[in-house]
Structures are given as C-alpha cells and as structure tokens.
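Chains as they are written, first to last, in this note's numbering: chain W, 1219 to 1448; chain H, 43 to 846.
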C-alpha cells in the first residue's frame, strides 16, 4: 500500500537547514499495523505527515497503492486524503464548536455524502466506539478517553484504507490508553491498515511491526508477535 | 459552504461574546452611518425628480450689471413672456413671486388667521410646466381667474379641517381669494416648497404695468419649459441677442448704463446651483462629497476592524482549519466558507445597523433639516446601497483573512504551533495605521470645524446680538394705530432697554442705487441700506462715532439726512470729513433725486451680512413710520415672563393676528445652518469612527496580550515593572498612532483651509488644535488599553507561563 523510496524532507530557514527525513525507505502492506518509534526530532511526525499527504517531501518517491503521489498539488492531495486516509491525533483535534455527531460527520460532508446516509453512518460508528449516547455533547464535555474515541470514530467514519495515528494515547491515562489501543487493534483485525507514531513501547507492542527512526532514517525493524497484557 | 460552517459561526459568536459584539457593533455602526449618509445624499440629489417634464425644464437667472454686478436668482416679470414669444423651442414659462418672503404672510379663513410661508403668486401655466397631484377641486384653469388660490392638503387641513375648501373664500392682504383646488403636499426634496398658490393676476394692473416696463425690477423665480432637453450653452448664447433686442433699448431710453446676462440651469441641477443672491435655500455639493467621504472612511474603519479581529483570532482558528484540511477540505472550500461566514455576520450587523438608523433617524433629521423616513431606506436606491454595503463589506473584509487562514499548513498548525505570520503582521500594521489615520483625521476635523463655529459666534459683530426679539406688525390699520402706544409703554418698562420700529439686519439687507459725492461730483453706486427709525442705533447697540442720530423733530431728516458706517466713509473716500457729504436716492435724470441730502452721522462698523461676506458700506435712511417690524432689547436677565406678557398684550392689540416673533441671535444663526449641520454631522461621525476604532484597538490589544502571555510571564518573573510591560506591549500601537498623526496634519490643514475659503472671516490657525487632537487620540488609546494593562498587572506570572 505504501512504498517510500529514498524520501528526504529538508526544512530551510534563513540560517539553518534541518534534515527531518534522510533518504528514507519504507514499505507498508495492506492490513499491517506499523508503529514508528524514535527520539524526539527523529522525523517520526514528519514521516507521518508525508504519508498522510499533509506535507510534501523534498526529494524521493512515494507510491500510495501504486500511484506516485509525492508530486500532487494541494487540491489533489486533499482529494486523495479524504478518500483514503483517516487521522487520529495525540491532542484529538476535535472542533470545539461542533458536537460529537457533527465532528464525526465532517469527513462525510467533504466526501459529499447524502445527509440521510451521513446520519446512518455516524450513528453506527459512534455506537461502535461506544460513545453513541454522547452524540449531542460538545468535546469539552467529554473525558480525554471519550474525546479520543470520537476522534477515532471520525477517522473511521469514511471507511478509509489507512489510519494514521500520531501518539494516540499520549494525552490519556493508562486505562483510557488501553481502551484506545484495543480499539485500534480491533480495527486492524477487521482489515484497516494502521500507521502509528508512538513513544510508548507498550503501545508499540500492539502493532505487528515496529520501525525505529534516528536522524530521519530507519535504523531498526522488529516484528511483534504478542499482544501485551497490562 | 456547508451548514457546519454556519453552526460554527453562530457558536463562536456566542462563545466569544465580547469579540462578537465588537465585530457586529463595529460593522453595524459603519453600516448605519453609511445608510444615513446614503439617504442624505440620495435625498439631496433627487430634488424635483417627481416632475414629469423635469428634463425639459430649466430655471432662468441673470447677472444684472447696474454699476456693479448682481448675480441673482430672481428675474424681472417681463422676461418669461418675452422669451416665449421670441423662441420657438420654448413651450411655456412659469413665474413665482413670494408673498411675504421668508417671514411669510397672513392668510385667513373666517376668524382663523395663520401666518404661512411658501405662499406664491404664480402663473396658471404652473400646472402645464410642473407636475402636481390635484386631489380635490377643478383640474383645469385652476389659477386663470384673478383671486383664485390653490392650497396644499396640509394648508387645507389647517384652515378647513374636515370641511370641503373648494369655493370657499380665504383672505390675503385684505383681498378675498376663492379656493379652486387642493393639491397633495409637495415632497420635501422640492426646489419650490409650496403651501399655497395664488393667481398672479390677483396682483393689481398697476403692479404688472410698472414691472412690465422695467427689466431691472426683479422679484420672480422664472422657469422655462422647452420642447426638448435644452442645450444650455446654445440657449444662453441666443439670450445675448435677446438682451440686445429688449433690454438695451430700455436702458438707453431710461438713460442708464445697465445690462443683463441671462443663464439657464436645468431643473435637475438647480438644487446645487448655489451662489446666487435672493435664492431659496440651496444644497451644497461640497457637503455631499464630504459626507460621502465620511461614510467611506467609517466603512473602511469598520471593515479593517473586522479584518484585524479575524486575523487576531487566527491562532484560535488554526486548529479548526488544520482539522478540516486533514479531513479533506479543499482551500477554495475553506475560502468560500470564510466569506459565507462573514456575509452572515455582515447581515446580522446590517440588521442591527437598521435598528440604529430607526433609533437615530429623528436626531439625524433634526441636524440635517431633512424629513427622511424609515420607509425611505427600503426605497430602490437606498436598498441598493444597503445590499451593496453588505456584499462589499462581507466579501472585502473577509477575503484577506480567508486567504491567510486557508493557507495554513495543517501539519504545522495541528502541532499547536501558531503559524508564523510576519507578512500578516506587516499588513496588519498598515491596517491599524489606516484606522488611526481616519480616526485622527476626524478628531482633528471636528476640532477645527468647532473652532471656526466658535470663532464666528464669539466674533465682535459691532453690536450686541443677545436679548433681542423682533415682532412682526401686520399691515392692519387697527394694529398699526395701537403700535406707537404700545411702544411707549414698553419704553417705560424697566425690563426693556430700548424699542425700535425698524427691521434688524439678520444676514441680508436690501441694496439701492445711490448717488454719492466724489471729488465734488455725484457718482452712482449700489449700496446696502436699511430703513430705520431714531431708535435703531440704540436698540442695536451701535455707537455714533461722529455726528448725530436721526431726529424726529427735524422735518428735513426724513429725506435729507443719512447715517453711514465707517467702512462707507472709507470706501467713498470721506475719511477726513464724512459729515455733510451729499447722498441721493430715488434717482432721476440730471442729478435729480426724490431724496437728496447729507451725511449727518457715522456709526461704527457692524456685520449686517453673514460672516461669509466681507464688511460692506452701509447707508441708514430715516423712515420712522414705515416699518412692519418692532424690535425690542431686553435688559439682561431672564425675560421669559416678559415674553408671556408681550404675547398677552399682543392678543389685546391684534387678536386676529398670530404673535409672530423671532429672537435676533437665532435669526442670525440661520446664516450658518448649513455649517452647523455639517459640524454636527462631523461630530457624530467622528464619534462613531472613534468608537469603532477604539473597539477594534481594545480587541486587538487583547489578542496581542494573549499571544504574548508567555513573554509577559517571563518578563514578570525577571522583574519587569508594570510600566515597562505596558511600554513593551503598547510601543507598536503608539508608534503607529504618532505616524498616523504626522500623516494627517497636512491633510487636515489643507482641507480646513479650503473650507475656510467660504468665510470672509476665519479663525487663525492654531497649532494647539493639532496638539489637542493628538492628546485626545493618545488619551483614548490609553483608556482603551488600560483594562488590559490592569489585567496584565494582576496576572500571576506562573499562570502566564503555564498558559503556553
């Protein structure tokens, strides 16, 4: 699904040049659950942004489902993103002025889904992540765990092929964190490809493969077999 | 735009109540100001559009050259008919002569006597030339017969109430008139305001005869109806030949050197055809420009406010934009949504603005002397203005923030970083500068206008303008017999300083052709004059510089004595010895004259014209009995009780006549109505502009502080004092304020000087005024931000650091 070849990302300011990704190679197959780990500043988030078409690389090639997407313009990227990808963030990034239902509905609106269909899909997904009874609440009325479940529901509602999660448990306590990781694992078992950035080895253990980055390069890859107990 | 954006807009408005209020109130104030000015401008520019033949109608005016030139709106009686006869392209004409002028004339029906202004003697052709709505009575030949009168609905209501006025007898100047028709009230934006129309044939044959033989006896507003839209230059050219044919032979026959230059002004332009003598009140096109400019300024200030507030909130919105983009929103969708959001806000502001218009319309009408109604807002042109404002502000004010906000990189903003916006900072500074510029411009303008108004009010006019009242005496023998007795009574009243049977000069006086002595010769000259009695000098508080006052006991004073002002002595070259110099009026050929005498006294100079005009020579002629005005100077103090007594006494002397009086200072102020209205409008709009700018500054500083909370915390931890913090935060704003001030000074100076050109006497330039403007601006800015400074001072630095 994801095939990245010699990908570099360089940030330039007037005085300094920072290499965030350095001729990186990576392949993720459909149905995989991949964790990306590494020290702060190793390029994890940049990699996730490039994969998610939120950022474009300075050099190299990026094939998504065999289409070279690194040279897409903004409009094309926005189009590709909404059809294929869902995002989960550490700080949830829900829109405070919209209710739970409306937040989750948002991707469907951008996909121009009919209103009745939207309602059905949103209700379904909220039930699935166990937050259906909170549909009319606003993000700030929810706990962190509940907010993250809303965010996951939003990422899932359009049935994306790929979910990109940026430290999804970073702002959660261990109990809520566990619930979120279990939710992601279930999704993966049902066939959704997941790429997750994390600082936590514990969370990484839920995934099938862990990639370690250092200075913008993959330095280590391990395959995980077991799902951790608490 | 999807429904989500509307929801977010509403919820955001509700959540940030203060800032929503500032945005909406700012825009609403801007919109209501614009609406007011639009209504004013549209009203001013739509004079007489209700006449069906408006494009073919033109007003005839002329410049009389008769030892000196008089550019007058009035014409003689003969021109209209003569032009109709000579020019095939002229289809008709109509003349208006005012009955009683500005002070009006008494009309009566049975016992009801009302003093009515805007009563005109006019030709029956008026209904062929102009369009009036006849609602009762005859429809043709309304004013053909002598002694017929047409009244408006209001006049009919005043005199007749429910009664049918048609065929009833009304009375004016002791002659009876028959009401032939009632016409609908004339729209307020009409050049000739009408309460009643009297057939011009009512005037006696002798009147017509005298005037038909004299091309220089003016007194009529003449309008011509052409076959087609007239070619102004072409027609005026032809009128030169007309003048040679008709006027020149008459001048030669009468042995005077005099001529006329005719002009025509299309009806549409008459309202702004100002600068002619004896004209009805005219609009001032310059004020139309100034007010339009003000409206534009205010709208710009309000829009900039909106832009600044949007940009200031950008850090708050960054996350939302990031999320939307991540979820697949395209940039153009976002831009569309922002514009939609701002259109919605503008519509809300427009509704609030309309409420403001409704609320303040009365005040606005008072100031401008207009009779605008709320319904007028929804008339075609005004509605267009309202919609254009909504669309313009909605789109213009939002497009820049929309471009900036929609350009945020989601990967950056979702990390919580506030997008770097050095470019935005630069543009935002320019926007604040523009806002300051307009505000300071208006503050300074207000100060300068008020200065001139104050200057004129406090200027030494050469007489005392306070505590004087004039009472109009009707031409009714029973009343005029009683008047001298009443005058004597009043002179014995300790509360009265002086009483004169003369009209006071309230900004306009008559002019006559005199012959005055020059190098032992008599020379013809047009000079301003007033008929006065022997108390005039006393009642006005003038000083006799040389010679003596008129004396009733000297029989020769009536025709052989003149008093002049000092300026006349100077202009006539009599500075050494003015007394005894020869003066004549009522001129006849061969240096003969009906009145022939000498200067017996000189009074100090006094401003008998409005201060738009420079001082002129003046000759006082003695006429102790002929006046229809009694002027009273009260002793200083409260004279309201005395006014009551005067009215009571009036009712015993002249029970049939209304007590028609005016205060002298108020009558003088009428000369400056336009300027005062402009000054007040400027005051109001300056206030609004300042209010909007202050609201904007308040919000902006609040956002600035929010964005720099960490910096403030760190500085506080390191020991910065409140004043140091204040300077750090406010420095940029104050620098912009000073820069704006420096830019506005020359602009204000230039425009003020241009405006002052319309006055013969203008306030000296006072640097202090500009200083005051700067001081007020700085003070307002400090007051605006002081709340925030107070908060910064109270804030716990740890709290501030945690905020990040």
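Where a beta carbon is used, it is the ideal one built from N, C-alpha and C, also for glycine.
Check                                                                                                                                                                                                 : Outcome
What are the uninterrupted segments assigned as alpha helix (DSSP H) that are 4 or more residues long and contained completely in the region 754-823 of chain H, given in chain order?                : 764-798
Answer yes or no: does any C-beta atom of chain W fall closer than 8 Å to that of residue 59 of chain H?                                                                                              : no
Along the chain, where does the alpha helix (DSSP H) that runs through residue 616 of chain H open and close?                                                                                         : No alpha helix (DSSP H) contains residue 616 of chain H, which DSSP labels as neither H nor E.
Expressed to the nearest angstrom, what Euclidean distance is found between the alpha-carbon atoms of residue 1240 of chain W and residue 754 of chain H?                                             : 39 Å
Using the three-state DSSP reduction, which class does residue 463 of chain H fall into: helix, strand or coil?                                                                                       : Its pLDDT being 48, under 50, residue 463 of chain H is placed unreliably in this model, and the value from its coordinates should be taken loosely. In this structure, residue 463 of chain H counts as coil in the three-state DSSP scheme.
What distance in whole Å lies between the Cβ atoms of residue 1411 of chain W and residue 1424 of chain W, which are believed to be in contact at a cut-off of 8 Å?                                   : Incorrect: roughly 14 Å between the Cβ atoms, too far for contact.
With H, G and I counted as helix, E and B as strand and the rest as coil, what does DSSP make of residue 257 of chain H?                                                                              : coil
DSSP state of residue 1424 of chain W, grouped into three classes?                                                                                                                                    : coil
So with CB distances below 7 Å, who are the chain H contacts of residue 1325 of chain W?                                                                                                              : 369, 370
Indicate the three-state DSSP secondary structure (helix, strand or coil) for residue 58 of chain H in the structure shown.                                                                           : coil
Alpha carbon to alpha carbon, how far is residue 368 of chain H from residue 1326 of chain W? Give it in angstroms, no decimals.                                                                      : 13 Å
By Cβ distance below 6 Å, which residues in the same chain neighbour residue 1299 of chain W in space, the five residues on each side in sequence not counted?                                        : 1271
For the beta strand (DSSP E) holding residue 1308 of chain W, just list the boundary residues, first then last.                                                                                       : Residue 1308 of chain W -> no beta strand (DSSP E), and no H or E assigned at all.
If you follow the beta strand (DSSP E) that residue 671 of chain H is part of, which residue opens it and which one closes it?                                                                        : 671-676
Output the distance between the C-alpha atoms of residue 347 of chain H and residue 419 of chain H, rounded to the nearest integer angstrom.                                                          : 25 Å
I want to verify the contact list: residues of chain W whose CB lies under 8 Å from the CB of residue 54 of chain H, in sequence order.                                                               : 1315
Does the region 726-736 of chain H come into contact with the region 509-525 of chain H, if we say contact requires no fewer than three beta-carbon pairs (one atom in each stretch) closer than 8 Å? : no
Measure the C-alpha to C-alpha separation of residue 237 of chain H and residue 787 of chain H and round it to an integer number of angstroms.                                                        : 48 Å
In the DSSP assignment, find the alpha helix (DSSP H) that holds residue 373 of chain H and state where it starts and stops.                                                                          : 373-410
In chain order, what residues of the same chain have a beta carbon less than 7 Å from the beta carbon of residue 490 of chain H, not counting five sequence neighbours either side?                   : 790, 794, 811
Less than 6 Å between C-beta atoms, sequence neighbours within five positions excluded: which residues of the same chain meet that for residue 488 of chain H?                                        : 724, 725, 728
What number of angstroms, rounded off, separates the C-alpha of residue 549 of chain H from the C-alpha of residue 673 of chain H?                                                                    : 16 Å
Quick check on this structure: which residue in H:71, H:69, H:670, H:498 has the alpha carbon closest to the alpha carbon of residue 574 of chain H?                                                  : H:670
For chain W, find out if any of its Cβ atoms is closer than 8 Å to the Cβ of residue 362 of chain H; answer yes or no.                                                                                : yes
What does a CB cutoff of less than 7 Å around residue 768 of chain H pick up in its chain, not counting 5 residues either side in sequence?                                                           : 831
Please report how far the alpha carbon of residue 590 of chain H lies from the alpha carbon of residue 559 of chain H, in whole angstroms.                                                            : 20 Å
Assuming residue 629 of chain H contacts residue 555 of chain H (C-beta within less than 8 Å), just tell me the rounded distance between them.                                                        : 6 Å
Output, in sequence order along the chain, the residues in the region 1299-1315 of chain W whose CB is closer than 9 Å to any CB in chain H.                                                          : 1299, 1300, 1301, 1303, 1304, 1305, 1307, 1309, 1311, 1312, 1313, 1314, 1315
Pull up the distance between the alpha-carbon of residue 302 of chain H and that of residue 198 of chain H, whole angstroms please.                                                                   : 40 Å
Just to confirm the assignment, what range does the alpha helix (DSSP H) spanning residue 687 of chain H have?                                                                                        : 682-695
So which of H:770, H:81, H:764 has the shortest CA-CA distance to residue 403 of chain H?                                                                                                             : H:81
Looking at residue 754 of chain H and the ligand GDP, is the gap between the Cβ and the nearest heavy atom below 7 Å?                                                                                 : The model on display carries no ligand, and the ligand GDP is accordingly not part of it.
Compile a chain-ordered list of the residues in the region 1258-1284 of chain W whose CB is closer than 7 Å to at least one CB of chain H.                                                            : 1267, 1272, 1273
Short check: CB of residue 570 of chain H to CB of residue 551 of chain H, under 8 Å?                                                                                                                 : yes
If contact is defined by three or more beta carbon pairs under 8 Å, each pair taking one atom from either stretch, is the region 400-415 of chain H in contact with the region 1314-1321 of chain W?  : no
Of all the options H:511, H:365, H:785, which has the alpha carbon lying nearest to the alpha carbon of residue 1304 of chain W?                                                                      : H:365
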